[in-house]
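Accompanying notes for the structure given below.
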Amino acid sequence: MSKTNSNRKNYLWGIIAIAVLAILPFLLITLGNKGEYWIWVITEMIIMALFAASLNMILGFGGMVSFGHSAFYGMGAYTVALLIKKAGVPFFLALAAAPVMAGAVAAIIGWFCVRRIGLYFSILTLAFSQLLYMIAFQWYTFTGGDDGIHGINRPEFFGPVTYYLFCLAILVACLLVMRMIIRSSFGLAIRTTRENPERAKFIGISVQRYQLLNFIIAGAFAGISGGLITELNRFAQTEFLHWSKSAEPIFASLVGGMYSLIGPVIGSTILMFLKIVLQQVHQSLVEIWALFLGLILLVVVLFAPEGVMGLRQKFLKKH
Amino acid sequence: MEISFLIFQLLNGLTEGMILFIVASGLSLVFGVLRVINFAHGSLYMIGAYLAFTLSTLFQDFTLGPYLLLMILVPAAVAVIGLGLEITLFRRIYRKEHLLQLLLTYALVLVLDDLVRLIWGGDIRNVSRPLVLAGSVDFAGFSFPSYNIFILALGPVIALGLWYLLYRTHWGNLIRAAVTYPEMLGALGTDVTRVMTGTFILGCALAGIGGVLMSALANIDLGIAMEKIIDCFAVVVIGGLGSVGGALLGSLIIGVGKSYLSLVLVRLAMVFPFFVMALVLIIRPWGLFGKPER
Chain P
3 MSKTNSNRKN YLWGIIAIAV LAILPFLLIT LGNKGEYWIW VITEMIIMAL FAASLNMILG
63 FGGMVSFGHS AFYGMGAYTV ALLIKKAGVP FFLALAAAPV MAGAVAAIIG WFCVRRIGLY
123 FSILTLAFSQ LLYMIAFQWY TFTGGDDGIH GINRPEFFGP VTYYLFCLAI LVACLLVMRM
183 IIRSSFGLAI RTTRENPERA KFIGISVQRY QLLNFIIAGA FAGISGGLIT ELNRFAQTEF
243 LHWSKSAEPI FASLVGGMYS LIGPVIGSTI LMFLKIVLQQ VHQSLVEIWA LFLGLILLVV
303 VLFAPEGVMG LRQKFLKKH
Chain A
239 MEISFLIFQL LNGLTEGMIL FIVASGLSLV FGVLRVINFA HGSLYMIGAY LAFTLSTLFQ
299 DFTLGPYLLL MILVPAAVAV IGLGLEITLF RRIYRKEHLL QLLLTYALVL VLDDLVRLIW
359 GGDIRNVSRP LVLAGSVDFA GFSFPSYNIF ILALGPVIAL GLWYLLYRTH WGNLIRAAVT
419 YPEMLGALGT DVTRVMTGTF ILGCALAGIG GVLMSALANI DLGIAMEKII DCFAVVVIGG
479 LGSVGGALLG SLIIGVGKSY LSLVLVRLAM VFPFFVMALV LIIRPWGLFG KPER
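Line by line, the protein sequences are chains P and A.
Throughout, my numbering is defined as the position within the first sequence, counted from one, plus 2.
Throughout, my numbering is defined as the position within the second sequence, counted from one, plus 238.
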């Protein structure tokens, strides 16, 4: 199959997928309460897909294993919550501030973390995300501590369907921007640093600077997803910053495949479905959600590290 | 502020530092030989603490005898758990990419922490101190808990024991050889896998000892695993991964620093490990005892 041909095919699939997703809420809303619940669920899936895709910018394309991506997700969430609740800023402005704030925090944390790529990077990202969690937890007067921030207003024109479509549009826009970044010379440089940092240095790529920039970009996208989830739930809570939240996009990238843009999106959706199925089987099963997440992660790491997308690619190569 | 109070606070900090050292040296040791950073090390420490809690409730009168029994039983139990993990999971990934190793131990944290929650629940637990150590010693107008003195005495014993094991015994030679040149060690006819397994078990036992000691020092809850592993990370960033001496220095810096800062503001003490970590990363990114990578 020629490259342009498969490219065109991908475009076609993409447009079909977006069209189906765009029509879906109008069908679901006719089902009444049950339908509205499902619209809410799929909106959450869309947002989590963005979160997963944002991590994959550093994990998959940059080869930087971050265990602290929840920091930027939570940062975006708290930015939107605090700006709307405490400063009375309109929603769109608050949402625009989310990636800026998350990116700024990523710049500070990243400045330290990219000094030791590899094992230390993972250690440091986890540690610094835990620092943000502790700050949000302890600073009761500002962040509401354990209670979080509740009762965030939603603009009147946002019903369940319109908010769903809004999130979908943002996801698609973000994915297109990410695609642009990955295909640019910057993206190429980032992938070079992943494959061979030594050689990247020799051919004149400033490895740390590129990695830091990529880290900031990933943080900013995570901030957008955090801002969207706050508006969906109408609250922000410390759980968004908890270290176990960072496991979800890692899981999504690993299951969906790390070396593609759409892999984490698929992985994240599978993950969310799993969560819902567990919830339907028995409510108490969700309480040991991390246990399931960990067990599946173990199995994937041991037996199918390339993930689903990787398996598909293997399959395509064989035939 | 009175000088005796400052000394009192120093001793408190050293007590915390000693426990941190015992746990962090296990992490560092395992990394040195296995080249795997075990994120689940904190969870093993937490399992040790909860096991100590359960076992301590079995004794009617908690004297020194039963406590010493705990000090042997719990690390042994944690070591057995570690052995199981090593055989079933870790052994499969020694020669794989770093990414997979990281993800595996990270997944293990998710599993182990939730298992602890399932078994022991989310309540705050505490272990009563053995009767002999429950009192306190008067010291320049302050009463210093006997239990802390016990830990202060035990820490150096364990540090010396580790040094003796590593530098004066046959096993220590094998472990150090496995750190520097595992292929050569294998070629000389030593079963490197056994050395690795042995080191891993030793690391887990150290986490277990730390858990027992902590269980009677402070309250234990589900947060202690993450709290301790972050402190351990700060220690290895400060001291350099794989260096037991660096682990000792890093632990004492963090223990004492936290203790003094908590006088000013508790929140400041919480941030201290991160502060030191950031400072070391700026000045000496490879750690105080580590060697620069080329």
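Note that CB positions come from ideal geometry on N, CA and C, so glycine has one too.
What you are looking at is a predicted structure, and each value in this text was computed from that prediction instead of being measured.
Would you say residue 136 of chain P lies against chain A (beta-carbon separation less than 8 Å)? Interface with chain A (8 Å Cβ-Cβ cutoff): residue 136 of chain P is included.
May I ask you to report which of helix, strand or coil DSSP gives residue 375 of chain A? Residue 375 of chain A falls in the strand class under three-state DSSP.
Check whether residue 192 of chain P and residue 212 of chain P have beta carbons under 8 Å apart: Remark: C-beta atoms of residue 192 of chain P and residue 212 of chain P approach each other more closely than 8 Å.
Here's a check: name, in chain order, each residue in its chain whose Cβ is nearer than 6 Å to the Cβ of residue 282 of chain P, leaving out the five neighbours to either side. None.
Candidates A/363, A/272, A/243: which alpha carbon is nearest residue 381 of chain A's? Minimum Cα distance to residue 381 of chain A is reached at A/243.
Here's the rule: buried if 16 or more other CB atoms are within 10 angstroms of the residue's CB, otherwise exposed. What is residue 321 of chain P? Annotation note: pLDDT 43 at residue 321 of chain P (below 50); position unreliable, coordinate value reported separately. With fewer than 16 other Cβ atoms within 10 Å, it is exposed.
Out of curiosity, what's the CA-to-CA distance linking residue 276 of chain A and residue 462 of chain A? Roughly 16 Å separates the two Cα atoms.
For residue 238 of chain P, three-class secondary structure by DSSP: In the structure shown, residue 238 of chain P sits in a strand (DSSP, three-state: E or B).
Supposed close pair residue 293 of chain A, residue 311 of chain A - CB separation, criterion 8 Å: With 8 Å as the limit, residue 293 of chain A and residue 311 of chain A qualify as a contact, their Cβ atoms being about 6 Å apart.
Check residue 363 of chain A in the structure and name its three-state DSSP category. In the structure shown, the three-state DSSP call for residue 363 of chain A is strand.
How far does the alpha helix (DSSP H) with residue 380 of chain A in it reach, from first residue to last? Element bounds for residue 380 of chain A: not the alpha helix (DSSP H) but the beta strand (DSSP E), 380-383.
Taking Cβ-Cβ distances below 9 Å as the criterion, which residues of the stretch 72-89 of chain P are in contact with chain A? Correct list: empty, as no residue qualifies.
Quick check: is the beta carbon of residue 211 of chain P nearer than 8 Å to any beta carbon in chain A? By this cut-off, residue 211 of chain P is not an interface position.
I want to verify the contact list: residues of chain A whose CB lies under 9 Å from the CB of residue 114 of chain P, in sequence order. Here the neighbours are 515, 516, 519, 520.
Going along the chain, which residues of its own chain have a beta-carbon closer than 8 Å to the beta-carbon of residue 308 of chain A, five neighbours each way excluded? Answer for residue 308 of chain A: 290, 293, 294, 450, listed in chain order.
Skipping 5 residues on each side, what residues in its chain have a beta carbon closer than 8 Å to that of residue 20 of chain P? So the list reads 170, 174, once near-sequence residues are dropped.
Check the C-beta distance from residue 150 of chain P over to residue 139 of chain P and give it rounded, since I have them as a contact under 8 Å. Actually they do not touch by this definition, with Cβ atoms about 10 Å apart.
Return yes when the Cβ of residue 119 of chain P is within less than 8 Å of the Cβ of residue 66 of chain P, no when it is not. The answer is yes: Cβ separation under 8 Å.
According to the Cβ coordinates, are residue 41 of chain P and residue 162 of chain P closer than 8 Å? Using a Cβ distance threshold of 8 Å, residue 41 of chain P and residue 162 of chain P count as a contacting pair.
Exposure label - residue 145 of chain P; buried when at least 16 CB within 10 Å: So residue 145 of chain P counts as buried.
Is the beta carbon of residue 473 of chain A less than 8 Å from the beta carbon of residue 483 of chain A? No, they are not a contact pair.
Check each candidate in A/271, A/445, A/393, A/427 and name the one with the smallest Cα separation from residue 281 of chain A. Comparing Cα positions, the closest option is A/445.
Would you tell me roughly how many angstroms separate the C-alpha atoms of residue 477 of chain A and residue 417 of chain A, rounded to the nearest one? Their backbone Cα atoms lie some 17 Å apart in a straight line.
Can you pull the chain P neighbours of residue 523 of chain A, defined as C-beta to C-beta under 8 Å? 117, 118, listed in chain order.
Would you mind telling me which residues of chain A sit closer than 7 Å to residue 261 of chain P, beta carbon to beta carbon, in chain order? Neighbours of residue 261 of chain P on chain A: none; closest Cβ ~12 Å, over 7 Å.
Anything in chain A within Cβ reach of residue 124 of chain P, meaning under 7 Å, just list it in chain order. Within chain A, the residues near residue 124 of chain P are 340.
Look at the alpha carbon of residue 274 of chain P and the alpha carbon of residue 49 of chain P, and state the distance between them as a whole number of angstroms. Rounded to whole angstroms, residue 274 of chain P to residue 49 of chain P spans 11 Å at the Cα level.
So which residues on chain P does residue 330 of chain A lean against when the C-beta distance must stay under 7 Å? Among the residues of chain P, those whose CB is under 7 Å from the CB of residue 330 of chain A are 304, following chain order.
Rounded to whole angstroms, what is the Cα-Cα separation between residue 448 of chain A and residue 459 of chain A? Near 15 Å, if we compare the C-alpha coordinates of residue 459 of chain A and residue 448 of chain A.
Alpha helix (DSSP H) containing residue 336 of chain A: first to last residue? Segment 336-358, the alpha helix (DSSP H) holding residue 336 of chain A.
Looking at residue 255 of chain P: is its Cβ nearer than 8 Å to the Cβ of residue 75 of chain P? 8 Å or more divides the Cβ of residue 255 of chain P from the Cβ of residue 75 of chain P.
Sheet register partners of residue 458 of chain A (DSSP bridge): Per DSSP, A/363.
Backbone secondary structure at residue 408 of chain A - three-state DSSP: Residue state for residue 408 of chain A is assigned as helix, using DSSP reduced to three classes.
Could you name the residues of the stretch 268-281 of chain A whose beta carbon sits closer than 7 Å to any beta carbon of chain P, in the order they occur along the chain? Hits within the stretch, in order: 275.
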